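Data block below; observations after.
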Amino acid sequence: MHYLPEKAKKSDFYPCTTEELETLMQKSQDVLVLLRQIIRATELHDKQLSRVTGLTMPQLMSIQTLHMQGPMTVGALAKEMNLTQATVTSILDRLEKKQLVTRVRSQEDKRKVLVYPTDEALDLLKSAPATLQDRLITAFEQMQTWEQSMVISSLERISSLLGADTLDAAPMLDVGPLDRS
Numbered sequence: 001m002h003y004l005p006e007k008a009k010k011s012d013f014y015p016c017t018t019e020e021l022e023t024l025m026q027k028s029q030d031v032l033v034l035l036r037q038i039i040r041a042t043e044l045h046d047k048q049l050s051r052v053t054g055l056t057m058p059q060l061m062s063i064q065t066l067h068m069q070g071p072m073t074v075g076a077l078a079k080e081m082n083l084t085q086a087t088v089t090s091i092l093d094r095l096e097k098k099q100l101v102t103r104v105r106s107q108e109d110k111r112k113v114l115v116y117p118t119d120e121a122l123d124l125l126k127s128a129p130a131t132l133q134d135r136l137i138t139a140f141e142q143m144q145t146w147e148q149s150m151v152i153s154s155l156e157r158i159s160s161l162l163g164a165d166t167l168d169a170a171p172m173l174d175v176g177p178l179d180r181s
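In terms of UniProt numbering, the sequence shown opens at residue 1 and continues consecutively.
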């Protein structure tokens with residue numbers, strides 16, 4: 001706990017009053033609690049998703065992307081998901097072991113290998129719970145433009161304060177390495 005004098009007044013020694021400092025400390029705590037709630041919601045959703053589907057969020061997103069966009073190369077899938085080709089290759093290796101994707105050499109260009117979701121993968125998509133990002137996107141798109149801008153600005157500032165603004169990140173609410181099993 002910080003040392004707070006009984007009734008500090010603004011001066012060169014105290015840049016704010018005791019009450020102002022307490023308010024500032026409470027606001028800082030509020031920010032930390034809100035960030036932790038987001039992290040916990042993401043962790044809990046990941047666990048629920050894994051229980052229901054046996055997949056991680058990146059694995060599910062890979063199948064969803066292939067289902068929506070059609071068969072594509074690993075490089076195209078990586079670009080579509082904003083992930084590195086190595087990360088996507090690792091994700092696909094695990095999906096292939098679970099027989100949820102297949103890789104087939106292109107008939108038009110033998111150098112290309114296309115990735116297809118299997119029927120089992122498409123059935124799995126039907127039973128999967130709505131993703132956190134789908135829920136966020138739906139709610140975000142219903143906001144007024146000014147409110148969307150405020151949310152983005154606030155998150156950019158928090159990212160900067162945490163020194164996370166220079167990190168690469170995929171548009172995916174997930175915790176931990178993206179290529180985990």
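Just so you know, even glycine gets a beta-carbon here, dropped at the ideal spot from N, CA and C. Keep in mind that this is a model prediction, so the values were computed, not measured.
Measuring alpha carbon to alpha carbon, tell me which of 153, 127, 64, 137 ends up nearest residue 115. One-based indexing of the sequence shown puts residue 115 at position 115. The shortest Cα separation from residue 115 among 153, 127, 64, 137 belongs to 64.
Does DSSP put residue 58 in a helix, a strand or coil? Taking the first residue of the sequence shown as position 1, residue 58 is located at position 58. Reduced to three states, the DSSP call for residue 58 is helix.
- Item | Cβ-Cβ distance between residue 48 and residue 117 below 8 Å | Reading the sequence shown from its first residue, position 48 is the one you call residue 48. Reading the sequence shown from its first residue, position 117 is the one you call residue 117. Cβ atoms of residue 48 and residue 117: not closer than 8 Å.
- [ ] Grab me the residues of residue 165's own chain with a C-beta within less than 8 Å of its C-beta, minus the 5 sequence neighbours each way, in chain order.
- [x] Along the sequence shown, read from residue 1 onward, the residue named residue 165 stands at position 165. So the qualifying residues of the chain are 156, 159.
#### Entry: residue 167: first and last residue of the uninterrupted alpha helix (DSSP H) it sits in
As a working note, residue 167 is residue 167 in the sequence shown. Segment: none, residue 167 is in no alpha helix (DSSP H) and carries neither H nor E.
- prompt: At what residues does the beta strand (DSSP E) containing residue 103 begin and finish?
  reply: The residue you call residue 103 lines up with position 103 of the sequence shown. Its beta strand (DSSP E) spans residues 101-105.
*With burial defined as no fewer than 16 other Cβ atoms inside 10 Å of the residue's Cβ, what is the status of residue 45: buried or exposed?*
Here residue 45 is taken as the residue at index 45 of the sequence shown, counted from 1. Buried: at least 16 other Cβ atoms inside 10 Å.
- Report the option in 135, 147, 138, 93 whose CA atom is closest to the CA atom of residue 62. By 1-based counting over the sequence shown, the position of residue 62 is 62. Cα-wise, what sits closest to residue 62 is 93.
### Task
Please go through the same chain and pick out, in chain order, the residues whose beta-carbon is closer than 8 Å to the beta-carbon of residue 85, but skip the five residues on each side of it.
If you number the sequence shown from 1, residue 85 lands on position 85. Excluding positions up to five away in sequence, the list reads 74, 75, 78.
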